[in-house]
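Undergrad: Provided herewith is a single structure, encoded as structure tokens, for subsequent inquiry.
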Amino acid sequence: MLMRLDHLAVSASTLAQGVAYVEDVLGVSLDGGGQHPHMGTHNRLLSLGPEIYLEVIAIDPAGAVPGRARWFDLDNFAGAPRLTNWIAQCDDLSGALAAMPAVDVDVLDLERGDLRWQMAVPADGCVPFDGACPALISWGGTAHPAGRLHDHGCRLQELLIFHPEADALRGVLAPVMDMSGVRVQVAEAVGFEAHISTPSGAKVLR
494 MLMRLDHLAV SASTLAQGVA YVEDVLGVSL DGGGQHPHMG THNRLLSLGP
544 EIYLEVIAID PAGAVPGRAR WFDLDNFAGA PRLTNWIAQC DDLSGALAAM
594 PAVDVDVLDL ERGDLRWQMA VPADGCVPFD GACPALISWG GTAHPAGRLH
644 DHGCRLQELL IFHPEADALR GVLAPVMDMS GVRVQVAEAV GFEAHISTPS
694 GAKVLR
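Numbered by this note's numbering, the letters in the sequence shown go through residues 494 to 699 in order.
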């Protein structure tokens, strides 16, 4: 398999709104994150296990305007905070991109502290299948955010992805993606559900 689930992204109009939403649903506190100067965004993080995490992300009002579309289609985000994207980790970013529907992407070399990664960001900010395909990331070295986060006892049990063309999306992903814990279902509109076990019981993040 070329790809496996790396993390989930909850988008928000402001970081404070996104953090409040996730903390209210899951009943735990998020850890600190940081800024992304290349994208003019900032985030907060939550461990979902040894190798998976969740990020709440929003446009950073103190950040520079990037001069290109921001990732996760954040330039067009509106409404209440919600789960908008899933991110797949791959060792061979070029090979993973070749297996996905063809779109114009920029592969960005990014870093924060000792973290190094490459991210494939579509020119228009939106990944294929109306945002239902995974965004692609490749971590450099051995450092990964999940191993540095406080363990609040939250674990991702299942990620549901909804799309009108679920069969076509599943056909793209199945040959190259480890679909353990990931399910694609037919629905009238694109959407996501993360079923998460927490110290206070099973929760659903949408």
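From the three backbone atoms N, C-alpha and C, an ideal C-beta is built for every residue, glycine too.
Quick caveat: nothing in here was measured; it's all calculated off a predicted structure.
Does the separation of the CB atoms of residue 581 and residue 496 fall below 8 Å?
TA: Against a cut-off of 8 Å, the Cβ pair of residue 496 and residue 581 comes out as a contact.
Undergrad: Here's the rule: buried if 16 or more other CB atoms are within 10 angstroms of the residue's CB, otherwise exposed. What is residue 600?
TA: Exposed is the call here.
Undergrad: Determine whether the beta carbon atoms of residue 645 and residue 501 lie at a separation below 8 Å.
TA: No. Outside cutoff.
Undergrad: Mapping the DSSP letters down to three states, classify residue 587 as helix, strand or coil.
TA: Of the three classes helix, strand and coil, the one that applies to residue 587 here is helix, per DSSP.
Undergrad: Between 530, 638 and 614, which has its C-alpha nearest residue 629's C-alpha?
TA: Here the closest residue by C-alpha is 614.
Undergrad: Can you check the stretch 558-628 for any beta strand (DSSP E) of at least 3 residues that lies completely inside it and give the ranges in chain order?
TA: Correct list: 575-583, 598-605 and 608-615.
Undergrad: Pair every Cβ in the stretch 625-642 with every Cβ in the stretch 603-611, then say whether three or more of these pairs are closer than 8 Å.
TA: They touch, by the three-pair rule.
Undergrad: Should residue 578 go down as buried or exposed, given a rule of 16 or more other Cβ atoms within 10 Å for buried?
TA: It counts as buried.
Undergrad: For residue 634, which residues of its own chain have a beta-carbon under 7 Å away from its beta-carbon, when the five flanking residues on both sides are left out?
TA: Taken in chain order, the residues that qualify are 609.
Undergrad: On the DSSP letters alone, give me the boundaries of the alpha helix (DSSP H) that residue 648 sits inside.
TA: Per DSSP, residue 648 belongs to no alpha helix (DSSP H); it is in the beta strand (DSSP E), 648-656.
Undergrad: Taking only three categories from DSSP, how would you classify residue 515?
TA: Of the three classes helix, strand and coil, the one that applies to residue 515 here is helix, per DSSP.
Undergrad: Compare the beta carbon distance of residue 532 and residue 671 with 8 Å and say whether it is the shorter of the two.
TA: Result no, Cβ atoms of residue 532 and residue 671 do not sit closer than 8 Å.
Undergrad: Classify residue 504: buried if its beta carbon has 16 or more other beta carbons within 10 angstroms, exposed otherwise.
TA: Buried is the call here.
Undergrad: Which two residues bound the contiguous alpha helix (DSSP H) that contains residue 663?
TA: It spans 659-666 - the alpha helix (DSSP H) in which residue 663 sits, taken as one unbroken run.
Undergrad: Rounded to the nearest angstrom, what separates residue 642 and residue 653 at their Cα positions?
TA: Spanning the two alpha carbons is a distance of roughly 24 Å.
Undergrad: Report yes if the C-beta distance between residue 669 and residue 589 is below 8 Å; otherwise report no.
TA: Against a cut-off of 8 Å, the Cβ pair of residue 589 and residue 669 comes out as a contact.
Undergrad: In the structure shown, what three-state DSSP assignment does residue 498 receive?
TA: Three-state result, residue 498: strand.
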